[in-house]
Amino acid sequence: MTPKNRTCATQEWLEDVGKTEIIPPMLLTEELFGLSLTYEGAFVILEKRLEDMKEGTFEDVFEAPWHQNQMRAAIEVVAGILSARQDGSFNSYSQIMAQTQVGKTGAMVCVEEVLRIPVIKKSLGVKDSLFIQCPSDKSLAEQTKARVPARVLVGRMSMGTTLKNAKKCREDWDNCKTEEARRELRKDWARRIKVEGWESTPVIFDNSLMMLDEAHYGTAAQSVTDAVLALWGIDLSKDPKEWEVSNVHVCTVSATPMAETLATQDYDWVNRVVLDPGPNYYGMKEMIEDEKIQASWPLKSNLDVSRLCEEIISPCLRQEKNGFSLLRLPVGSAKEWIPKSIFRGLEAQGYRVLKGVPQPGDERNYDVAIVELNEQTAGDTDLQNCLGTPNSGQEKWFSRRPPIPVVVLAKNMLAMGATLNNEYVDVMFERKRKNDVTQVDFAVQSLAGRATGYDDKEDCPIIYSDPTTITEYVEWVENEYKPMSVPRGASRTAVKNITTCPLHSLRIPQKELSAEQLEVLSPHKHTPHAPAVAVVLEVAQQFGDEELRQRLDEEIKTTDDFGSIYRLLLWTHQKYQQYSPLLQQEYAAGLQGYVQRKQKGCVFLDVDGASDILMTFVFRSEFWVESCAVARNTMYQEQ
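Oh and the sequence shown: position 461 is 460 in numbering that gives the first Met the number 0, straight run, nothing missing.
Right, here's the structure in full:
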């Protein structure tokens, strides 16, 4: 790679931040004093490393382990780590947000590579790198291992055995009486990890980079991931300065970090990095524009399945070239009728249907094969070879054309990171939920997300999913993943309604009121409601401005269901001091009860302990309700 090969996005990035020092001089060790490293300098070093790799490989087979968009994001992540160190924190927390199939794995590999730049390595002292996959999917783990350097440990979370093993490791660590015993234990752990994998020994050492892939998955409060991190003193809901580790840098990565974004929006210690798509990326925005995403439907009856066979599967079987039709089905024994109904539906149309993995020569006896892909069947070698899974040695699923058309009935598979070759995929069908509600992260991470990437856009099949939900996601991405624009209905989020209205205040010197008026308004008297309201309206008409008097004239004509015009709350000065800030911060959310009872408004009245009487009028006609998404039950928020 040379400067001539740099993309426009890279050139703009370098013009913007290229001359900025990535390592402040104060962080340089004595032996490095006088050196410096800028963003552009780090980028040039990565370019040179790619050139060196290419020289040792046949040019026509060289595949770069990272690309320019990933290099930019990786440098920004490491810059955030160094910035945290400058602020006095030896730990850090970064987030990489990106669309599906943009190259998140390559970006994380590049983060590890940037940390190996000598001047950065000397300054930070990171020794170990962990690539932890939050889902427990084995095929995804195999795909990941093929893409990361051997020096990076790859592990899986979300399994009960992971937590059990982590607890045992922590117990052994705490039982060590000397530093020598701990050194020996670490050596033993290293040997076990090398042979049995990180899951057998889920430990997190000081001086480590820990990358959490698909960080939206399995990260509820009290989840396995949350518990394992807590065992080693890491709490992503707290400032990294408070973690019980030293020099540990956590980097989460996800295409659907809705809950994480909402939970951490007020954390000023989080380093947020957007991984932009590289050239020729074909994403959901382009799919929507090209009408590649069509509305699906729920499979609730045999009529729904018949429609699936006639409108989705049959057209694929009439094509000249054989391919795969991917259908996602609901899980559970109560849904076992659906595969049988598909089988009968195709037979009724005259197709010769093979139930199982097709072999060469089956084209003489069958027109189509139906295979079930789920957690139980995924380990079948014949099925792996047919579908071209990572376990079969293929980089992407569906990398081989089948001998006859194959209908793949997927359950709990082909989501979150699984990479597909679209060339041999004819159609995708993401069945709709019975309640017609599709979680945005489900729609994005499932089959629609698997069809995105850098393949030829002409190979992208028609995807039956939820166009409305996916459009909301696209709008969020275009808004740079801002918390206030998070789509509704994602996992571990809820919708919060906020009621707001303008507040009209009136301050009246007590000396201006008669003794009779003060007596009626006294909070220490059990004054009937109607006389108190009458005094309030009388005083407001006397001392209020023209706008308030006009509003009172308009509102006074209408009474509520109980015959009262206003609800009057008499507050002491002490209570008012307590609630006044809430009123100033649109406390109207607490007034919804008045609105629901159809009262025209209410008055908050402070009459005790001050030289003035303060009235705050709230009119029902000016209420409005806004909704926003909030995080719920996620390990990223303080419980």
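C-beta: ideal position from N, C-alpha, C; glycine also. Quick caveat, the model's predicted, so the values are computed rather than measured.
Could you check which residue in the options has the C-alpha nearest to that of residue i?
| i | options | result |
| --- | --- | --- |
| residue 295 | 288, 311, 285 | 311 |
| residue 20 | 423, 624, 119 | 119 |
| residue 75 | 269, 237, 185 | 269 |
| residue 476 | 350, 11, 98, 149 | 98 |
| residue 451 | 3, 417, 429 | 417 |
| residue 165 | 181, 229, 130, 183 | 229 |
| residue 72 | 615, 406, 443, 113 | 113 |
| residue 142 | 69, 395, 11, 52 | 395 |
| residue 320 | 636, 80, 367, 53 | 367 |
| residue 280 | 463, 453, 69 | 453 |
| residue 327 | 404, 462, 471 | 462 |
| residue 506 | 604, 432, 480, 448 | 604 |
| residue 23 | 420, 216, 122 | 122 |
| residue 89 | 4, 96, 80 | 80 |
| residue 428 | 415, 360, 406, 419 | 406 |
| residue 402 | 435, 363, 389 | 363 |
| residue 630 | 486, 134, 499, 533 | 486 |
| residue 134 | 67, 374, 614, 116 | 374 |
| residue 204 | 18, 510, 244, 130 | 244 |
| residue 484 | 626, 226, 224 | 626 |
| residue 46 | 95, 442, 116, 308 | 116 |
| residue 299 | 185, 262, 190, 431 | 431 |
| residue 4 | 42, 35, 38 | 42 |
| residue 341 | 221, 308, 550, 240 | 308 |
| residue 239 | 84, 543, 459, 262 | 84 |
| residue 612 | 553, 513, 465 | 513 |
| residue 438 | 456, 425, 419, 467 | 467 |
By DSSP, does residue i sit in helix, in strand, or in coil?
| i | result |
| --- | --- |
| residue 516 | helix |
| residue 495 | strand |
| residue 233 | coil |
| residue 584 | Residue placement at residue 584 is poorly supported in this model, since its pLDDT is 42, which falls under 50; the coordinates still yield a value, given next. DSSP places residue 584 in coil when its eight states are reduced to three. |
| residue 633 | strand |
| residue 652 | Here the chain has residues from 0 to 638 only, and residue 652 is not among them. |
| residue 396 | strand |
| residue 445 | coil |
| residue 617 | strand |
| residue 293 | strand |
| residue 453 | coil |
| residue 115 | coil |
| residue 300 | coil |
| residue 287 | helix |
| residue 374 | coil |
| residue 485 | coil |
Using the beta-carbon count (16 or more within 10 Å), is residue i buried or exposed?
| i | result |
| --- | --- |
| residue 272 | buried |
| residue 409 | buried |
| residue 14 | exposed |
| residue 628 | buried |
| residue 61 | exposed |
| residue 302 | exposed |
| residue 56 | exposed |
| residue 65 | buried |
| residue 177 | exposed |
| residue 581 | Caution is warranted here: a pLDDT of 47 is assigned to residue 581, below 50, making its placement in the model unreliable, and the coordinate value is therefore given only provisionally. By the neighbour-count rule (16 or more Cβ atoms within 10 Å), residue 581 is not buried but exposed. |
| residue 330 | exposed |
| residue 641 | In this structure the chain extends from 0 to 638, so residue 641 is not present and cannot be described. |
| residue 336 | exposed |
| residue 10 | exposed |
| residue 634 | buried |
| residue 369 | buried |
| residue 586 | Because residue 586 sits at a pLDDT of 47, beneath the cut-off of 50, its placement in the model cannot be relied upon, and the point is left open. |
Checking the sheet assignment: what are the DSSP bridge partners for residue i?
| i | result |
| --- | --- |
| residue 623 | 499 |
| residue 92 | 249, 269 |
| residue 508 | 611 |
| residue 20 | 37 |
| residue 323 | 405, 424 |
| residue 412 | According to DSSP, residue 412 bridges with nothing at all. |
| residue 61 | Answer by DSSP bridge pairing: none, since residue 61 is not bridged. |
| residue 210 | 130, 250 |
| residue 352 | 367 |
| residue 490 | Looking at the DSSP assignment, residue 490 forms no beta bridge with any residue, so it has no partner. |
Less than 8 Å between the CB atoms is what I'm expecting for residue i and residue j, so what's the real figure, rounded?
| i | j | result |
| --- | --- | --- |
| residue 69 | residue 105 | 5 Å |
| residue 101 | residue 276 | 5 Å |
| residue 325 | residue 413 | 7 Å |
| residue 443 | residue 488 | With a Cβ gap of about 11 Å, residue 443 and residue 488 do not count as contacting. |
Say whether chain C places a C-beta atom closer than 8 Å to the C-beta of residue i.
| i | result |
| --- | --- |
| residue 422 | Among the chains of the structure shown, chain C does not appear; only one protein chain is present. |
Does the Cβ of residue i lie closer than 7 Å to at least one heavy atom of the ligand ZN?
| i | result |
| --- | --- |
| residue 101 | Only the bare structure without any ligand can be found here, which leaves the ligand ZN out of the picture. |
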